[in-house]
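>
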Amino acid sequence: MLDLPAGPLVDADWLERHLDHPRVCVLDVRGRHPSSALPHAKLAEYTAWHIPGATFVDWEHDFIDVTDPVPVQVAAGSQFAARAGELGVGDGDVVVTYDDYYGIFAARVAWAFRYYGAESRVLDGGWLTWKDEGHPVADAVVQRQRATFSARPRPLLRRTLTDVLRARERGAMLVDARPRHLFLGEEGAPNTGHIPGARCLPYQELVDGA
Numbered sequence: 112m113l114d115l116p117a118g119p120l121v122d123a124d125w126l127e128r129h130l131d132h133p134r135v136c137v138l139d140v141r142g143r144h145p146s147s148a149l150p151h152a153k154l155a156e157y158t159a160w161h162i163p164g165a166t167f168v169d170w171e172h173d174f175i176d177v178t179d180p181v182p183v184q185v186a187a188g189s190q191f192a193a194r195a196g197e198l199g200v201g202d203g204d205v206v207v208t209y210d211d212y213y214g215i216f217a218a219r220v221a222w223a224f225r226y227y228g229a230e231s232r233v234l235d236g237g238w239l240t241w242k243d244e245g246h247p248v249a250d251a252v253v254q255r256q257r258a259t260f261s262a263r264p265r266p267l268l269r270r271t272l273t274d275v276l277r278a279r280e281r282g283a284m285l286v287d288a289r290p291r292h293l294f295l296g297e298e299g300a301p302n303t304g305h306i307p308g309a310r311c312l313p314y315q316e317l318v319d320g321a
């Protein structure tokens, strides 16, 4: 039986103890931030070394609805399930994600799996903590056996624009987790500014490491 910790995180010691568990699927979601000059997933870094048994996920393409005009929206259930199965994630598996940038990519993919009904956790401290604490690394590219994943959406984990507008009318607090300069509209990118009444709480201020 898998002693899965409560809450959204697992630490590096727990993950090392469970690397060989058949129900634990580790996903490497390392990448460069979308606001950078050249956003990309770090396939080269994965190929060089990664957590043993981890499978690479391309945050720009995997689990993304490429037909949605809003960037990086989560894929529809059938598309998500197909890609999860290709990566070897099946019904009843526990997904553990990690990255090397504040956990934003890892958290996004973990949320997507949770939204579609799976158990998921983020590696606390990500790749840098894993490496700095001396846990094992590998360079073998991993291809898990194809599995069957059934997408079972949890609607309460995702809000539509209409939901947000109604919540705002009822006095709900909206939190904008983007960097402060985007919230304040200090740069010329199309996504600067914020929803009226939202509070600024940049994600970088909520973490204490990688």
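Residue numbers (the numbering used here): 112 to 321. For glycine and all other residues, C-beta sits at the position ideal for the given N, C-alpha and C.
By alpha-carbon positions, which one of His-161, Arg-225, Ser-261 ends up nearest to Leu-267?
The shortest C-alpha separation from Leu-267 is found at Arg-225.
> With distances taken Cα to Cα, identify the nearest neighbour of Tyr-213 among Arg-281, Trp-125, Val-233, Asp-173.
Nearest option by C-alpha distance: Val-233.
> Taking only the alpha-carbon atoms, compute the straight-line gap between Asp-114 and Gly-164 and give it to the nearest angstrom.
Cα to Cα, Asp-114 sits roughly 19 Å from Gly-164.
> Given a cut-off of 8 Å on the beta-carbon distance, is the pair Leu-138 and Thr-208 in contact?
Yes, Cβ-Cβ distance for Leu-138 and Thr-208 is below 8 Å.
> With DSSP run on the structure shown, which of helix, strand or coil describes Ser-231?
Three-state result, Ser-231: strand.
> Work out the CA separation of Gln-256 and Arg-279 for me, nearest whole Å.
Their backbone Cα atoms lie some 45 Å apart in a straight line.
> What are the complete alpha helix (DSSP H) segments, minimum 4 residues, inside the segment 241–308?
For the segment 241–308, whole alpha helix (DSSP H) runs of length 4 or above, ordered along the chain, are 272–280, 291–294.
> How would you write the range of the alpha helix (DSSP H) that Leu-154 sits in, first residue to last?
Segment 154–159, the alpha helix (DSSP H) holding Leu-154.
> Kindly confirm or deny that the segment 247–255 and the segment 214–224 touch, where touching means at least three C-beta pairs closer than 8 Å.
No, because fewer than three Cβ pairs between the segment 247–255 and the segment 214–224 fall closer than 8 Å, the two stretches do not touch.
> Beta strand (DSSP E) containing Tyr-226: first to last residue?
Premise fails: Tyr-226 lies in the alpha helix (DSSP H), 215–226, not in any beta strand (DSSP E).
> Suppose the cutoff is 8 Å on Cβ atoms and the five residues either side in sequence are ignored; what does the same chain contact list for Arg-291 look like?
Here the set comprises Cys-311, Pro-313.
> Kindly indicate which three-state DSSP category Val-196 falls into: helix, strand or coil?
Correcting the residue type first, residue 196 is Gly in the shown sequence and not Val. If DSSP states are grouped into helix, strand and coil, Gly-196 belongs with the helices.
> What does the Cβ neighbour count give for Arg-265, buried or exposed, with the cut at 16 atoms within 10 Å?
Flag for Arg-265 reads exposed.
> Are the CB atoms of Arg-141 and Asp-210 nearer to each other than 8 Å?
Yes, the pair counts as a contact, with Cβ atoms nearer than the cut-off.
> Is the separation between the beta-carbon of Asp-122 and that of Asp-235 shorter than 8 Å?
Cβ atoms of Asp-122 and Asp-235: closer than 8 Å.
> With DSSP run on the structure shown, which of helix, strand or coil describes Leu-149?
For Leu-149, the predicted structure reports a pLDDT of 49, less than 50, and the residue's modelled location is therefore unreliable. A value from the coordinates is still provided. Correct three-state label for Leu-149: coil.
> Under DSSP, the beta strand (DSSP E) around Asp-124 begins and ends at which residues?
Note, Asp-124: premise wrong, no beta strand (DSSP E); alpha helix (DSSP H) at 123–128.
> Could you give the first and the last residue of the continuous beta strand (DSSP E) run that contains Val-137?
Val-137 -> beta strand (DSSP E) spans 135–139.
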